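Some notes on the structure that comes next.
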Amino acid sequence: MYSAAAAASSPPRRDFISVTLSPEEAVGVGGYNNSKAWRRRSCWRKWKQLSRLQRSVILFVFAFLAVCGVISYTSMGEPWKSLTNKPLDEQRTEPEIPGLKLANPAVLPAPQKADANRGDYPELPPQKPPKPPHVRRGPPNLQIKPPRRDVRLKTQHDTSSVGQELVQADQNEKTEKSVISWRGAVIETDQSTEPPSSKMKEPEKPTSVEAEDQKEPVPINDRQLAVIEAFRHAWKGYKEFSWGHDELKPLSKSYNEWFGLGLTLIDALDTMWILGLKEEFEEARKWVANDLVFDKNVDVNLFESTIRILGGLLSTYHLSGDNLFLEKAKDIGNRLMPAFKTPSKIPYSDVNIGRGTAHPPRWTSDSTVAEVTSIQLEFRELSRLTGDEKFQKAVDEVMKHVHTLSGKNDGLVPMFINTNSGQFTHLGVYTLGARADSYYEYLLKQWIQGGKKENELLEDYMRAIEGVKKHLLQRSQPKKLTFVGELAHGHFSAKMDHLVCFLPGTLALGAHNGLTADHMQLAEALIETCYQMYAQVETGLSPEIVHFNLHAEKGHKDVEIKPADRHNLLRPETVESLFYMYRFTGDKKYQDWGWEILQNFNKYTRVPTGGYTSINNVQNPSNPEPRDKMESFFLGETLKYMFLLFSDDIDLINLDKYVFNTEAHPLPIWVPA
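Just so you know, we're using UniProt numbering here: the sequence shown kicks off at 1 and counts up by one.
This is the structure:
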């Protein structure tokens with residue numbers, strides 16, 4: 001304890017301040033001279049004057065900043081180093097194709113690399129195979145560059161789980177100019193093409209092939225030669241027994257008349273051009289010039305005549321540059337226009353092209369949704385070529401109207417629409433098969449055709465594919481094949497039409513044009529299913545409709561076929577999708593699958609005297625029960641897609657320049673002049 005005595009005995013405390021001055025400072029000489037030595041002494045004095053706490057705080061701050069700097073360098077330096085050290089081909093989102101500069105680069109993530117998590121699905125090959133150059137095939141004296149123009153959704157939770165398993169989480173790429181973001185799809189406003197213009201111009205005359213198209217021809221391979229031989233065999237039967245008529249009946253050596261407009265011949269025109277069959281093409285051209293007359297009292301189906309006749313004529317005009325085909329296209333286009341004179345502007349299904357009248361089917365006032373929404377590519381192109389906007393205006397009004405309708409289920413549409421009220425009918429039934437299929441196809445293809453500007457079309461397409469994933473996807477047993485079923489008033493049916501096999505190709509086309517990479521994954525799964533619809537059948541040919549087993553049973557395959565569904569009509573949809581899949585991936589298994597199908601067509605449907613026939617029973621190799629009918633689309637679609645599938649030439653109908661209509665007639669993608 002501090003005591004008073006202690007305080008008294010302590011010596012007195014002296015309070016003083018000691019100041020030491022240098023001689024110069026004492027006399028006021030020199031002062032502040034800003035020398036380095038002086039500044040070091042001054043800073044050190046100020047540092048010593050700080051309290052211990054103050055010095056500790058300052059040292060802590062400097063140490064903290066140093067640690068942060070080290071961490072930042074570690075986290076940022078390594079990724080940058082790995083990026084800059086990558087080979088150039090790994091830094092691209094899509095492999096480069098020698099000799100081809102893509103007109104429509106992807107704006108979304110490309111299919112994942114091999115080390116990505118793919119679940120049950122195989123890895124994706126490169127987007128495209130390297131391919132040699134090619135000169136467009138056709139009669140040499142008619143080689144003309146396409147003309148350029150100014151003018152342009154078991155139960156819901158089951159199906160939802162399949163869609164979730166198939167779809168990986170996509171990484172959305174940020175773009176400065178994006179105007180749409182739909183579940184992973186980012187669309188840029190800056191596109192290289194122009195939207196359809198309301199101000200149409202008279203088309204220019206097609207010009208000659210430019211130097212850039214003069215490339216060394218690619219030799220036709222053995223498989224392509226087999227397709228040419230098959231075509232010539234089919235054409236032989238048509239020419240001998242049904243020349244100028246709609247369809248060949250090869251067994252009875254006669255013909256079937258539908259419209260009386262030479263459907264098979266017109267459907268096959270551009271196929272002959274692509275296959276390079278000059279003699280056959282010239283014969284067919286003479287018939288078109290001298291015998292094809294549309295002024296006749298006959299009812300035609302608007303949809304079928306548009307996709308086969310109008311589409312075929314327009315395509316042949318673009319490939320050949322021959323104005324004859326454009327003039328015939330104008331004629332039939334004008335004669336089909338009365339179909340649009342309805343209270344709702346939803347067209348009637350039938351038109352009398354001689355009288356200029358139109359009507360719905362006798363049993364209903366409905367049209368099918370697929371029919372009224374799958375004529376747009378053709379009429380739009382006709383407006384672009386002729387300068388007459390009435391064709392495009394009519395079909396665009398249909399799409400805009402359907403875009404606004406209620407009754408959809410997550411983008412899936414019913415099968416029927418009333419021409420009086422303009423409303424969907426028979427609500428609650430959703431399929432990607434007959435009566436609805438090509439609606440979805442044309443949403444994407446119109447968007448591509450018009451230069452990726454018409455965003456409503458893309459929105460509807462993306463929403464519909466999400467609806468398919470959510471409501472219609474399931475897996476079969478025992479091979480777990482992914483398939484697209486049907487939904488009727490909340491009840492799932494494991495039924496799939498062969499027609500649905502257009503979907504893998506359409507999905508792949510969308511992925512190629514910048515849509516989400518999971519579309520390509522789904523396409524790969526679905527094309528495997530479509531191939532199995534052939535491979536699991538006794539003749540190796542698919543039936544018209546299959547039902548898939550959802551529960552594993554001993555001795556049962558994935559595919560079940562009902563007696564009423566076991567016919568084969570020589571349909572093209574699987575071969576069509578094989579073509580797209582090979583063109584975009586380069587995986588030769590797709591060519592091999594197509595080759596199997598062609599061989600089985602030759603084995604079970606070929607008629608010795610000429611032509612091919614549909615069959616009634618794909619499950620009976622010893623007697624497939626021929627139906628005595630060769631559909632026009634066998635020449636117009638099936639063999640055309642076969643030939644293109646077996647080609648390694650990307651310029652043989654370049655998919656960055658052409659879009660196929662639903663009858664396999666290529667029409668140009670619109671670009672500015």
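The beta-carbon is built from N, C-alpha and C at its ideal position, and this holds for glycine as well. Note that the coordinates shown come from a computational prediction; the quantities given were computed from them, not determined experimentally.
Same chain, Cβ closer than 8 Å to residue i, neighbours up to 5 away in sequence not counted
i    : result
D291 : G244 and G262
M581 : P504, G505, A508, A523, E524, I527, D587 and Y590
H519 : I465, L507, A508, G510 and A511
C-alpha distance - residue i paired with residue j, whole-angstrom precision
i    : j    : result
Q591 : T482 : 21 Å
G451 : W670 : 6 Å
I650 : D656 : 9 Å
N602 : H403 : 44 Å
D410 : L277 : 46 Å
N117 : Q521 : Its pLDDT being 37, under 50, N117 is placed unreliably by the model, and the measurement read from it follows with that caveat. If I take the Cα positions, the gap works out to 12 Å.
K328 : S374 : 21 Å
Y255 : K239 : 11 Å
D308 : E486 : According to the sequence displayed, residue 308 carries Arg and not Asp. If I take the Cα positions, the gap works out to 28 Å.
H426 : M415 : 7 Å
T662 : F303 : 10 Å
G610 : K629 : 12 Å
D299 : V395 : 20 Å
Y317 : P338 : 24 Å
E283 : L635 : 16 Å
V70  : A63  : 11 Å
D497 : L570 : 14 Å
Y439 : T419 : 17 Å
G230 : K345 : Here residue 230 is Ala; the residue named in the question, Gly, does not match the sequence. If you take the alpha carbons of A230 and K345, they lie about 43 Å apart.
V372 : L550 : 34 Å
Limits of the alpha helix (DSSP H) - the one that residue i falls within
i           : result
Y531        : D518 to A535
K278        : K278 to D291
A358        : From DSSP, A358 is part of no alpha helix (DSSP H) but of the beta strand (DSSP E) over T357 to H359.
S383        : Q376 to T386
L275        : L263 to L275
P504        : L503 to H512
Y590        : K589 to Y604
residue 726 : The shown model of the chain, from 1 to 673, leaves out residue 726, and the question about it has no answer.
Span of the beta strand (DSSP E), counted from its first residue to its last, around residue i
i    : result
T368 : D366 to T368
D497 : K495 to D497
K445 : Note, K445: premise wrong, no beta strand (DSSP E); alpha helix (DSSP H) at D437 to Q449.
Y658 : Y658 to F660
Y238 : Per DSSP, Y238 belongs to no beta strand (DSSP E); it is in the alpha helix (DSSP H), D222 to F241.
L319 : L319 -> not in any beta strand (DSSP E); alpha helix (DSSP H) instead, spanning G311 to S320.
L667 : P666 to P668
Neighbourhood of residue i by C-beta, 6 Å cutoff - its chain only, sequence neighbours within 5 removed
i    : result
L443 : L457, D460 and Y461
T431 : E486
S242 : L248 and Y255
Cβ neighbours of residue i in the same chain (closer than 7 Å, five flanking residues each side left out)
i    : result
F660 : P666
W595 : R223
I615 : H567, N568, Y604, T605, P624, E625, P626 and R627
P87  : Residue confidence for P87 is low, a pLDDT of 44 falling below 50, so the modelled location carries little weight; the figure read from the coordinates is stated next. There are no such residues.
V575 : G594, I597, T638, Y641, M642 and L645
Q536 : K557, D558 and V559
K495 : G485, E486, I545 and H547
A436 : V369, A370, V413 and M415
L499 : G433, A434, D437 and E573
Cβ-based burial, residue i [other Cβ within 10 Å; buried from 16]
i    : result
K46  : exposed
L53  : exposed
I465 : buried
P668 : buried
V607 : buried
G555 : exposed
G428 : exposed
E280 : buried
Q446 : buried
I332 : buried
P343 : exposed
L108 : Confidence in L108 is poor, its pLDDT being 32 and thus under 50, which makes the residue's placement unreliable; the coordinate value appears in the next sentence. It counts as buried.
DSSP bridge partner residues for residue i (one or two, in chain order)
i    : result
Q474 : F483
M581 : Beta-bridge pairing links M581 to no other residue.
H547 : K495 and E560
Y461 : DSSP, once it has assigned bridges, lists no residue as partnering Y461.
M630 : L248
I488 : Ile is not the amino acid found at residue 488; the sequence shown has Ala there. DSSP lists V429 and H491 as partners of A488.
F424 : I417
V300 : V351
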